[in-house]
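-2 is the number of the first residue of the sequence shown in this note's numbering; add one for each residue after it. Below: one structure, written as structure tokens.
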Amino acid sequence: MEGIKHTLLNAKNHEREGEIIAQAGKSGAVTIATNMAGRGVDIILGGNPPDEMESKTVRESGGLYVIGTERHDARRIDNQLRGRAGRQGDPGVTQFFVSLEDDLMRIFGGDRIKSLMNTFNIPDDEPIQASMISGALESAQAKIEGFNFDARKHLLEYDDVMNKHREIIYKKRNEVLENLQHVIDNLQKSEELEKKRQELGQERFAQVVQFVSLKVLDMLWQEHLSNMEHLRESVGLRAYGGQDPLVEYKNEGRKLFKQLLDQMDFQVIDTILKAQATGEKSVPQHVVSIATTHKTEQEKDISRNDPCWCGSGKKYKKCHGK
């Protein structure tokens, strides 16, 4: 845009967003906007407040010209952009520029079009305007909209997977807090563990088991939440390969949860064995950073927007209060 006077509309200008959009219909105005910035605001030809003479000038010159630098996954967004050029029957034009390297083209047929360009020796800088490309784009958008609809439809089924994991983990946590002896009895028996019990003494050993169990459980559960979120994002792309994202999520989620439980048992015992008999460092320091206070003590007065009691750095509503 060198040498062309323009207005930039982005997140940094959110306070002036309405003002910038309101004047985007003036004669000669050039407004550069990030993706759908200022949505929901009418662009009045001639500016706002309307000026009849300037409005007439803009109409006679063709109205608003909307240029898009790529097509969106959803036709709805493209149509919203088109709507900027046709409010109340106003004249206008929209023009989208698409690269074969855009995600939409790359996933759906970009390679095929590239091979055609090579076959016919079409220069890289020569634009292609063909109904075949428009049709391919609209077909791709329809497929993605279908995938997104299915994802929303199965939202509760995705949540049900995590709820089952959450119920098991919370049950284990409550057991550590309320029935510690049962937890101790269920520890994998070994000669080393028995030696540690004798070294620490029964009372101190029970304290260490509880402390370590809570630390390890909270720490690994947070990692599991993050892993499941990444999994949920990644399985969506498998729909392009004909796989059912929900089935993939359930299968791989089951494997991740089994790994979590196995790792939890191993790490609890391994950490207990490293505990010292006396002093403040009776529990290895690498597990001390995660808070483990019982929910009824620490969460009863916590606000949804307060930092979570577990020390994750997230708001409570985004972490243990989710």
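Backbone N, C-alpha and C fix where the C-beta goes; we use that ideal spot for every residue, glycine too. On a predicted model such as this, the values are computed, not experimentally measured, just so you know.
Asked                                                                                                         : Found
In DSSP terms, what ALA30 is bridged to                                                                       : LEU6
Outcome for ALA139 when other beta-carbon atoms lying within 10 angstroms are tallied against a minimum of 16 : exposed
MET50, buried or exposed, once every other Cβ within 10 Å from all chains shown has been counted against 16   : exposed
Cβ pair count under 8 Å reaching 3, the region 88 to 99 against the region 52 to 66                           : yes
GLY22 vs GLY0 beta-carbon contact at 7 Å                                                                      : no
Run of the beta strand (DSSP E) containing THR91, from where it starts to where it stops                      : 89 to 93
Integer Cβ distance of ILE266 from GLN195, believed to fall under 8 Å                                         : The Cβ separation is near 16 Å, so there is no contact.
Reduced DSSP secondary structure (H/G/I, E/B, other) of ILE64                                                 : strand
Alpha-carbon spacing of LEU243 relative to GLU14, whole angstroms                                             : 40 Å
Uninterrupted alpha helix (DSSP H) stretches inside the region 190 to 277 (no shorter than 4 residues)        : 199 to 232 and 242 to 270
Residue of MET216, LEU211 and ARG251 minimising C-alpha distance to LEU228                                    : ARG251
Beta-carbon spacing of ALA30, LEU6 below 7 Å                                                                  : yes
Distance, VAL180 Cα to SER210 Cα                                                                              : 9 Å
Counted within 10 angstroms of its Cβ, other Cβ atoms place ILE17 as buried (16 or more) or exposed           : buried
C-beta atoms of VAL213 and GLN256 nearer than 7 Å                                                             : no
For LYS168, three-class secondary structure by DSSP                                                           : helix
C-beta contact flag for VAL95 and ARG72 at 7 Å                                                                : no
For LYS53, three-class secondary structure by DSSP                                                            : helix
From TYR246, PRO47, ASN302 and GLN20, residue whose alpha carbon lies closest to that of LEU153               : TYR246
DSSP state of LYS140 mapped onto helix, strand, coil                                                          : helix
Span of the alpha helix (DSSP H), counted from its first residue to its last, around GLU14                    : 14 to 19
Pairwise C-alpha distance: THR66 and ASP75                                                                    : 11 Å
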